[in-house]
Amino acid sequence: GDSVTQMEGPVTLSEEAFLTINCTYTATGYPSLFWYVQYPGEGLQLLLKATKADDKGSNKGFEATYRKETTSFHLEKGSVQVSDSAVYFCALRITGGGNKLTFGTGTQLKVEL
Amino acid sequence: KAGVTQTPRYLIKTRGQQVTLSCSPISGHRSVSWYQQTPGQGLQFLFEYFSETQRNKGNFPGRFSGRQFSNSRSEMNVSTLELGDSALYLCASSLQVDAADTQYFGPGTRLTVL
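Protein chains in written order, with my numbering: chain E, 476 to 588; chain U, 36 to 149.
What follows is the structure in structure tokens.
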């Protein structure tokens, strides 16, 4: 079946540090890939997406590149802020498989001053 | 434009009872999906509706059911509640059923089963 594997958290960084959260996937068909963010007490917000190989999604300084050869979609940000503290979820959706999202377990990010 | 709304936001029930949760999608959106979020199992897909038809269903027991109305609003029902049903239930809406279409999530309903 389809699955998404994310690095374990929590990840604790100092403000302005570089962030990488690893995400790899296994898909039965051709996937679109997503990163969602969840702030405390809230639902999920789409952070960025990529729908085909080699596409780069980017938003608010975050970016991720769809790498079909390594089945990866790692999230990066050059300089994190305290306000980036949240839980980040990598997800996939199979083309032709409706809107069902398969999520990773989530990675909690804590950014300290 | 208003976002996805879910009611109620918090709910406390006892084992054996049933519960109905409601989701109002963004205006014009015809697809609604439901997810269960727990610390142990993470985010799991429950079901998906489009134009009042269930298009996809996750691996949950028959106690979990849902429906969608002609105005695209959706409800999910859980009967004979168990302690393990305690979770955050999230609803997501999108315009169509399309891999490139963005899904927007509501704030969720926090269900506690005592």
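Even glycine gets a Cβ: it sits at the ideal position worked out from N, Cα and C. A quick note: this is a predicted structure, and the numbers were derived from the prediction, not measured.
Starting from the C-beta of residue i, find all residues in its chain whose C-beta is less than 6 Å away, skip the five residues before and the five after it, and write them out in chain order.
| i | result |
| --- | --- |
| residue 47(U) | 147 |
| residue 90(U) | 83 |
| residue 514(E) | 561 |
| residue 42(U) | 57 |
Would you grab the beta carbon distance between residue i and residue j for me? Rounded to a whole angstrom, and I think it's under 8 Å.
| i | j | result |
| --- | --- | --- |
| residue 511(E) | residue 569(E) | No, residue 511(E) and residue 569(E) are not in contact; Cβ-Cβ is about 17 Å, not under 8 Å. |
| residue 507(E) | residue 526(E) | 4 Å |
| residue 129(U) | residue 66(U) | 5 Å |
| residue 555(E) | residue 502(E) | Wrong, their Cβ atoms sit about 29 Å apart, outside the cutoff. |
| residue 51(U) | residue 144(U) | Incorrect: roughly 19 Å between the Cβ atoms, too far for contact. |
| residue 38(U) | residue 139(U) | 6 Å |
| residue 444(E) | residue 539(E) | Residue 444(E) lies beyond the stretch modelled for chain E, which goes from 476 to 588, so this question has no answer here. |
Can you name, in chain order, every residue of its own chain whose Cβ lies under 8 Å from the Cβ of residue i, other than the five neighbours on each side?
| i | result |
| --- | --- |
| residue 576(E) | 509, 566, 567, 568 |
| residue 101(U) | 69, 81, 82, 84, 89, 109, 110, 111, 112 |
So with Cβ pairs under 9 Å, would you call residue i a contact of chain U?
| i | result |
| --- | --- |
| residue 518(E) | yes |
| residue 493(E) | no |
| residue 572(E) | yes |
| residue 484(E) | no |
| residue 535(E) | no |
Hey, is residue i's beta-carbon within less than 9 Å of any beta-carbon in chain E?
| i | result |
| --- | --- |
| residue 143(U) | yes |
| residue 68(U) | yes |
| residue 148(U) | no |
| residue 104(U) | no |
| residue 110(U) | no |
Between which residues of its own chain and residue i is the CB-CB distance below 7 Å, once the five residues before and five after are set aside?
| i | result |
| --- | --- |
| residue 113(U) | 53, 54, 98, 99, 120 |
| residue 571(E) | 504 |
Just to confirm, does residue i get its C-beta within under 8 Å of one of the non-hydrogen atoms of the ligand FMN?
| i | result |
| --- | --- |
| residue 516(E) | Ligands are entirely absent from the displayed structure, and the ligand FMN is therefore not among its contents. |
- Item | Length at least 3, wholly inside the stretch 76-123 of chain U: the beta strand (DSSP E) runs in chain order | 77-85, 88-92, 99-103, 109-113
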